Structures are given as C-alpha cells and as structure tokens.
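Asker: For reference, the structure I am asking about is given below.
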Amino acid sequence: MAAPVRKIVCKHSPHFRQFYRTIWKDSIRGGFVGMVGKTPLIRLESLSKETGCDITVKVESANGGGSVKDRAAAFLIKDALEKGQLKPGGTVVEGTAGNTGIGLAHICNAMGFKCVIFMPNTQSQEKVDLMRVLGATVYPVPAVAYTDPDNYNHQAKRYAESLENAIWTNQFDNTANLRAHYETTGPEIWDQTEGKVDAVVFSTGTGGTLAGVGKFMKEKNPNVKVVLADPQGSVLFNHVKHGKLERSEGSSITEGIGQGRVTDNFSEAPVDDAVCVLDTDAVHMTFRLLHEEGFFVGASSGLNVAGAVQVAKMMGPGHLITTCLCDTGQKYYARLFNKEWLASKGLLDCLPAKYQSTLH
Ligand code: PMP
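Here the working numbering is used: the first residue of the sequence shown is 109, the next is one more, and so on.
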C-alpha cells in the first residue's frame, strides 16, 4: 500500500508545499528543501554486535546541506514566511556555529533571499569558507559569553534590526527549530524502527533535535528513554542530573554542541537522563566510525554514538537505540583529522596506533 500523503496546505511557498508532501511520499521532491529530511537510518554493525543492542544512526549528513541543521534551517524560514516576517528578496540573519548557516545559505539561494551569518571565530575555517562559497556574508566575531552584548547571537539580532525586510531566525530560542524535529526527524525514526525504538540519545547545541524528537517519542510511547549526551564544559549534564547550571569539568573540541544556558528549545525537551562524554571518547569513536563502520563524520557524531553506547551499556542487551550522525568529517580536515592539532589538544594518545598511522 502506498504511504499516505499528508495533506497540509502551505500557501506561502511552493517549496514548502512540496517539503511537506515529501515527508511521507517518496516521489519527485521539489527544489532544495526537497533535499531536507527522509535520511536513512543505519544500524552500526560492529557497535551493535559489541553491545548486544541495535545502535542505529540517522545519517543527517545526507541532507542537502550536509548536516542535521538543514531541518532547522528549513523550518526557521518556513516559520518566518508563515508569519509574514520575510518578504521576497529579504535577508535572513543568523548566529550559528556554522551548520545552520550552511543550511540557511542553501535555502536562501533556492528561494531568492540574502543570507548573513555571525559566528564565533573558534569554529573551523572549512565552515566559514563553505558558507562564503555558497554566497553568504559571514562575520566571524570573538567568542564571548551569551551574557556579553557582543555575543554572536546578539550581533546577529542587532544587524537584522538595522535592515529593512530582514529577519533574525534565532535558532536557539525560536521553537520552530524543535518543530522541525517533531514533524520530521521524530516521525521518521518512529516509522523506520516500526515503533520499536527504546531510547533516543542526542547531544545538543540549540536543543532542537533532542527536544523535537523527544517530544514526538513521548507522545507515541512514554517508555522511550530520552537521553542527553553532553560534552565536557557544558552546563546541561549537571542541569539534568542535579538541577544546577554548573559547567562539567574541562572544555571540549567538539563544535556546535555544549551549552552555557537552557535555551527555549532545550527547555521543552522531555529528558529522562544525561551522560557526559569525554573528548577522548568522542574522538576515539569518531575514528572508530571511520575505520570500522565506514562513516566519515565530525566529532559531535562521534560523541553522539559514544553516548548511545553508554546508554546501551546502562540498559543492557536487546534494546534499540537511535542517535544521529550530525555532519561529515570534511568540515574538520585541519583539526580533527590533523595529527599536530590533535596532539596540541592532548587527544592523539587516545587513538590506537592503527588510527594514528592514517593521520598526517
Ligand atoms: N552537531 C553539530 C555539528 C551541530 O552543528 C549542531 C548544531 N549546532 C548539533 C550537533 C546539535 O544540534 P541541535 O542544535 O539540534 O541541538
């Protein structure tokens, strides 16, 4: 029997009309937003064998812009169109660690908008270069705390306010972000696992993925465990475990994840538990994914899978656990896959000699 077509009328844009349609029906997809969502769910063979659980990953690098953030980008723009905040020829301004900016830049090109990105200058040069090639104007700014008026998000907001026909998409506190995952990622995981999923595990930047997928799962089956995987130096692990906004020890080389505050998106996440994943484990898992499973991914993906393995060990054999591969390793050549850089961060020795010998 053919999959049902969801009948939603979106009068604002043929792009999004097609986007909704393609959530359910695998047919010709419309435009770039047709390249967002419906990613494969893959069982990781060696890790599943080792844990006795099904460790499964949504391969979010299969989205058109190459990351999980394409979903948020599509819904942030859809939301602005539906609210009449963005008119033809307008400008989309966002503060981002990079991946949301890449997704926005693609969609802006496809829909005739301009794209301006403010990002902390600590993120990989590959992401800056890619956004510029895609036609976005990129302002790398000093990485200062959210409480500082010069934080990249506040600069993005002020810049959007200074322009005519411009919006600040505000991915951290605009819950159109979590709706992307509630309406697409969550249903996809449910369908692809035929409702057999026992736990979902995600690291968070904005919290959109964890909150949207988590909410959808809890509505389908309240027994599905929703678990945060948090890097070192983030406040969210202690927030979930002890109700305190205290940073966990150390800092992390992962990009796009870890938080110093509870965003509006995260605040809606029905979180049952949290695990803190050390950088040594995240980096080791990133290399395992490459050399044992065949996936070339960034460190947040390694962290997600290391978190899923921790949860598998806590739950015991026989469970189906889902996380995601957030983006690809190509954005991190000069860092994560560079011997000197890894050594400078004290992360080379966590890799066995067989992985180290692949680095230059
Ligand atoms: N991994 C990477 C590489 C990211 O860029 C992000 C978002 N900044 C995430 C994971 C986390 O996704 P979310 O914002 O939905 O929490």
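Note that CB positions come from ideal geometry on N, CA and C, so glycine has one too. Every value quoted in this text rests on a predicted model; they were computed, and no experiment measured them.
#1: Just checking my contact of leucine 212 with alanine 188 at CB under 8 Å: how many whole Å lie between their CB atoms?
#2: Here's the rule I'm using: 16 or more other beta-carbon atoms within 10 Å means buried, otherwise exposed. How should threonine 255 be labelled?
#3: Check whether the Cβ of leucine 318 lies closer than 7 Å to any heavy atom of the ligand PMP, and answer yes or no.
#4: State yes or no: is the C-beta of arginine 151 within less than 8 Å of the C-beta of threonine 293?
#5: Please confirm whether any heavy atom of the ligand NAP lies closer than 7 Å to the CB of valine 419.
#6: Run the CB neighbour count on lysine 439, radius 10 Å, all protein chains shown included, and call it buried at 16 or more, exposed below.
#7: Please work out which residues of its chain come closer than 8 Å, Cβ to Cβ, to aspartate 258, disregarding the five sequence neighbours upstream and downstream, and give them in chain order.
#8: Reducing DSSP to helix, strand and coil, say where glutamate 190 ends up.
#9: Leaving out the 5 sequence neighbours to the left and right, which residues in its chain are closer than 7 Å to glycine 410 when beta-carbon positions are compared?
#10: Looking at isoleucine 365 and the ligand PMP, is the gap between the Cβ and the nearest heavy atom below 7 Å?
#11: Hey, how far is the Cα of threonine 314 from the Cα of asparagine 261?
#12: Should the stretch 138-145 be called in touch with the stretch 231-251, which here means at least 3 C-beta pairs below 8 Å?
#13: Can you tell me whether lysine 177 sits near the ligand PMP, meaning its C-beta is under 7 Å from at least one heavy atom of the ligand?
#14: Can you have a look at glutamate 296 and say buried or exposed, based on whether 16 or more other CB atoms are within 10 angstroms of its CB?
#15: Does DSSP put threonine 277 in a helix, in a strand, or in coil?
#16: Determine contact between the stretch 365-384 and the stretch 441-451, defined as no fewer than three beta-carbon pairs at a distance below 8 Å.
#17: Which of the three DSSP states, helix, strand or coil, is assigned to leucine 428?
#18: If you drop the 5 nearest sequence neighbours on each side, which residues of the same chain put their C-beta closer than 8 Å to that of lysine 447?
#19: Is the distance from the Cβ of isoleucine 225 to the Cβ of glycine 209 below 8 Å?
#20: Taking C-alpha atoms, which residue in Thr388, Asn329, Val379, Ile429 lies nearest to proline 460?
#21: Tell me which residue opens and which closes the alpha helix (DSSP H) that threonine 208 is part of.
#22: With isoleucine 297 as the anchor, note down where its alpha helix (DSSP H) starts and where it stops.
#23: Count the other CB atoms within 10 Å of the CB of valine 117; is the residue buried (16 or more) or exposed (fewer)?
#24: Starting from leucine 149 and walking both ways along the beta strand (DSSP E), at which residues does that stretch end?
#25: Between phenylalanine 324 and glutamate 291, what straight-line distance do the alpha-carbon atoms span, to the nearest angstrom?
#26: Short check: CB of phenylalanine 124 to CB of arginine 287, under 8 Å?
#27: Going by beta-carbon coordinates alone, are tryptophan 298 and valine 309 separated by less than 8 Å?
#28: Would you mind giving the Cβ-Cβ distance between serine 408 and serine 342, rounded to the nearest angstrom? I have them listed as a contact below 8 Å.
#29: Bridge partners for aspartate 162 per DSSP, in chain order?
#30: Would you give the residue range spanned by the beta strand (DSSP E) that methionine 227 belongs to?
Answerer: Reading off the structure:
#1: The Cβ separation is near 11 Å, so there is no contact.
#2: exposed
#3: yes
#4: no
#5: Of the ligands this structure carries, namely the ligand PMP, none is the ligand NAP.
#6: buried
#7: Val249, Pro250, Val252
#8: helix
#9: Ala390, Val391, Met393, Thr394, Leu397
#10: yes
#11: 12 Å
#12: no
#13: yes
#14: buried
#15: coil
#16: no
#17: strand
#18: Leu456, Gln464, Leu467, His468
#19: yes
#20: Thr388
#21: 207-219
#22: 294-300
#23: In this predicted model, valine 117 has a pLDDT of only 43, less than 50, meaning its place in the structure is not dependable; the value taken from the coordinates is given anyway. That one is exposed.
#24: 149-151
#25: 8 Å
#26: no
#27: no
#28: Contact doesn't hold; Cβ gap of about 12 Å is too wide.
#29: Leu428
#30: 222-228
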